[in-house]
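Undergrad: Mind looking over this structure? Questions follow.
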Amino acid sequence: MVQILEGEYKVVWPFDVAEAELVWPAPPWDRR
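Taking the working numbering, the leading residue of the sequence shown gets 37, the next gets one more, and so forth.
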């Protein structure tokens, strides 16, 4: 699974290959 963090796609799961920590819950749209 990936998330867009700081404008880049980052692998956040599975944890053994994660490039970044999972951000949960996701921030509201007005703070992204």
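Virtual Cβ for every residue (Gly too), placed ideally from N, Cα, C. Predicted model only: the values in this text are computed from it and were never measured.
Quick check on the DSSP output: the beta strand (DSSP E) that includes Pro41 runs from which residue to which?
TA: Checking the sequence, you will find Leu at residue 41 rather than Pro. Its beta strand (DSSP E) spans residues Val38 to Leu41.
Undergrad: What's the C-alpha gap between Met37 and Ala62?
TA: 14 Å
Undergrad: With DSSP collapsed to three states, give me the class of Val53.
TA: helix
Undergrad: When you compare only the Cα positions, how much space is there between Leu41 and Val59?
TA: 9 Å
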